[in-house]
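Residue numbers for the sequence shown follow my numbering, so the first one is 2 and each next one is one higher. Note that beta-carbon positions come from the ideal geometry of N, C-alpha and C, so glycine has one too.
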Amino acid sequence: MIHHRWAGAGLAALASFVIHDAAQASGYFLREQSAVGQGASFAGVTARGDDPSMIFFNPAAMAWLPGNQLAIVGSGIFPQAEADRMTGRRATLLGGSVISGGPGGDAISDAFVPATYATVALGDQWHIGLGITSPFGLITKYGPDFVGRYHAQTTSLRTINITPAVSWRPTETFSIGAGLQIQYADARLSSAVDFGGVLAGRGAAVLPGSRDGRSTLTGDDTAIGWQIGAQWRPLPGTMLGLSFRSAIFHELEGDAKFEGVPAPLATTFRDTGGRARLTTPESLAFGVTQAIGDRFTLLAGAEWTNWSRFRTLTVQFENGLPNNVTEERWRDTVFLSIGGEYRATDTVTLRAGFAWDQTPVRDTTRTPRIPDSNRYWLSAGLSWAVTPSITVSAAYTHIFGSAADVDLAAGGPTSPDFLRGSLNGSYSASVDILSAQLRFSF
2 MIHHRWAGAG LAALASFVIH DAAQASGYFL REQSAVGQGA SFAGVTARGD
52 DPSMIFFNPA AMAWLPGNQL AIVGSGIFPQ AEADRMTGRR ATLLGGSVIS
102 GGPGGDAISD AFVPATYATV ALGDQWHIGL GITSPFGLIT KYGPDFVGRY
152 HAQTTSLRTI NITPAVSWRP TETFSIGAGL QIQYADARLS SAVDFGGVLA
202 GRGAAVLPGS RDGRSTLTGD DTAIGWQIGA QWRPLPGTML GLSFRSAIFH
252 ELEGDAKFEG VPAPLATTFR DTGGRARLTT PESLAFGVTQ AIGDRFTLLA
302 GAEWTNWSRF RTLTVQFENG LPNNVTEERW RDTVFLSIGG EYRATDTVTL
352 RAGFAWDQTP VRDTTRTPRI PDSNRYWLSA GLSWAVTPSI TVSAAYTHIF
402 GSAADVDLAA GGPTSPDFLR GSLNGSYSAS VDILSAQLRF SF
């Protein structure tokens, strides 16, 4: 009974962690879907109707676009997240020894985020459009000598979202729009496994940390969501926008594989199939644009995201193990932004903006897979109308991240972190983003 409890605790803790962080990875929202919007830190994007990329933020936006439009966007994301200090120690029941290893270096990998949008005017009142984006994603990687290797090694989540949309403008000052979100999600996660700790818990003469192995989980799914929005011009030069993006409920199915498993544990830690629910949260966004004179426009926006959906997460296994339930305790967040746009010439428009981006991760549950913290955005950008039908836009953003403390306790045999050990440290993070966009009107 004791041996079964310790082995069961090891596998349940590992599985709980792996699926748990898949949900966290999906919580990293990729806002970088428009170089025009990024130039002002995405201030007022819900209320803008002057670019096809705005349909990502509000499907009602395409109601104001003349003719047919095509926009191609590419964003390079260059993050840095390094540990200022990082130490680990095994659970007291496993001897309490110090876990060897270093702080892990730069944890978050560079990424390229593409997006494509097309809109077609069907007369004066109706428009149809299509957006192909990647709205959620994250890649973090640590080496095998990372002191927190039992907590994380590789985390990868990629999404592809295809959104057909329609808008209707019943009056000269009001439009509504709706879109269907067809979202594919693919996840891969790995971590080291302290099989020596499991054997020591069974009474074997083996030191914890002496028989490290590796676990890898892969899974994917396609699910459906929706989006609605409205825009209103109550006064000349003033535009208000409101949009809602639904939650999308994924049922990730895939394989869990284990490497380096000692012979006495081969039956318990055997490759198996598994599934877990993964939900990308709903959000509500408001924006306003206000023209001041002929050349300057003030932009502002606010967005709420329902990250508190992550209260618990249930994992199911195909090999007969009981379900494992993990508490998340994420919190709702807001994104607040303000910016401006200046029409310098008839063909060149300049932008700048600032934003505060709140993290959903609580200090008490932060892990090295997502060393996330509150962020502050500073952005600048421009658009150049090369010809009446071709416009080039570019933007640069620097994001300042607040200090992100990690304070995880190993706990007892029933704790998810029992075999992974305690982990204490602090991350400092920043992000540079470069975006370019090409727009065709025809």
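G242 places its beta carbon less than 8 Å from that of Q232.
Looking at the DSSP output, L253 sits in a beta bridge with A277.
Cβ-Cβ separation between S135 and L31: approximately 6 Å, consistent with a contact (criterion under 8 Å).
Considering only G210, F196, T239 and D213, the residue with the shortest C-alpha distance to P265 is F196.
Judged by DSSP secondary structure, L200 falls within the alpha helix (DSSP H) whose first and last residues are F196 to G202.
Contact between S380 and S168 fails: their C-beta atoms lie close to 27 Å from each other, not under 8 Å. Between the alpha carbons of G50 and A345 lies a distance of about 20 Å. In this structure, the CA atom of R90 is about 8 Å from the CA atom of A411. A residue is called buried when at least 16 other Cβ atoms come within 10 angstroms of its Cβ; N320 does not meet this threshold and is exposed. Proximity to A64 across G75, I73 and D52 peaks at D52, based on C-alpha coordinates. Beta-bridge annotation (DSSP): P165 is paired with L131.
Rounded to whole angstroms, the separation of the alpha carbons of F113 and L299 is 30 Å. The DSSP-derived three-state label of R310 is helix. Here the alpha carbons of R421 and G202 stand approximately 14 Å from one another. By alpha-carbon distance to G340, the top candidate from V289, N59 and G275 is V289. Using a Cβ-Cβ distance cut-off of 8 Å, the stretch 183-197 and the stretch 116-134 are not in contact, since fewer than three pairs of beta carbons, one from each stretch, lie closer than that value. Distance from the CA of A267 to the CA of Q81, rounded to the nearest whole angstrom, comes to 38 Å. Of the candidates I434, Y377, S436 and R363, the residue whose Cα lies closest to the Cα of A405 is R363. Counting the other Cβ atoms within 10 Å of the Cβ of A206 gives fewer than 16, which makes it exposed. Excluding its 5 nearest sequence neighbours in each direction, R352 has C-beta neighbours in its own chain below 6 Å: G40, A41, E342 and G382, listed in chain order. Within the stretch 344-381, complete beta strand (DSSP E) segments of at least 3 residues are found at 349-358, given in chain order. The shortest C-alpha to C-alpha distance from A153 to any of S176, A193, T164 and F137 is the one to A193. A check of alpha carbon separations from R170 across P145, T365, G230 and F287 identifies G230 as the nearest.
For W331, the secondary structure class from DSSP, reduced to helix, strand or coil, is coil.
Here the alpha carbons of S436 and V37 stand approximately 9 Å from one another. Judged by DSSP secondary structure, G288 falls within the beta strand (DSSP E) whose first and last residues are S284 to I293.
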